[in-house]
């Protein structure tokens, strides 16, 4: 069974907070209340800042934060399926100035 999640990123800062560069094929942390388990397959529709149409990607839950705190919302980390680097490349182009900044994110 595949879970479907959607999320719109309203700013580059929000995208940076959610981007998981430490995942081989790239990934995003998606704030959500929906319960899930590690290894679950996910269809993700995400909209990048300044865009109106969502992008579809398949992936797998590789991390989750079951409870919100002052620094991180509740949600799941989705690793993009391997073999398609276009999502990682597109996001890293948008975040070129912010990657490596040392700013805390919603992920590890």
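Numbering (our numbering), first residue to last: 3 to 110. Glycine included, C-beta positions come from ideal geometry on N, C-alpha and C. Here the structure is a predicted model, which is why all the values come from computation and not from measurement.
**OP:** Please determine, among 6, 79, 83, the residue with the shortest C-alpha to C-alpha distance to residue 17.
**Re:** The residue you call residue 17 lines up with position 15 of the chain shown. With distances taken between Cα atoms, residue 17 lies closest to 79.
Original post:
Under a three-way DSSP split, which group does residue 81 fall into?
Top reply: Indexing the chain shown from 1 puts residue 81 at position 79. If DSSP states are grouped into helix, strand and coil, residue 81 belongs with the strands.
Subject >> For residue 26, the nearest candidate out of 95, 71, 81 (CA to CA) >> reply: In the chain shown, counting from the first residue as 1, residue 26 sits at position 24. Here the closest residue by C-alpha is 81.
**OP:** Check whether the segment 8-16 touches the segment 60-76, taking contact to mean three or more Cβ pairs, one atom from each stretch, closer than 8 Å.
**Re:** no
**OP:** Kindly identify the DSSP beta-bridge partner or partners of residue 38.
**Re:** By 1-based counting over the chain shown, the position of residue 38 is 36. Note: residue 38 sits in no beta bridge, so no partner.
Original post:
According to the neighbour-count rule (16 or more other Cβ atoms, all chains shown, within 10 Å of its Cβ), is residue 98 buried or exposed?
Top reply: Taking the chain shown and counting its residues from 1, one reaches residue 98 at position 96. Answer is exposed; the Cβ neighbour count stays below 16.
Subject >> residue 52 burial status per 10 Å Cβ neighbour count (16 or more: buried) >> reply: In the chain shown, the residue the question calls residue 52 occupies position 50. Exposed, by the Cβ-count rule.
**OP:** Check whether the Cβ atoms of residue 35 and residue 74 lie closer than 8 Å to each other.
**Re:** Position 33 of the chain shown, counted from the start, is the residue given in the question as residue 35. Position 72 of the chain shown, counted from the start, is the residue given in the question as residue 74. Cβ distance not < 8 Å, so residue 35 and residue 74 don't count as in contact.
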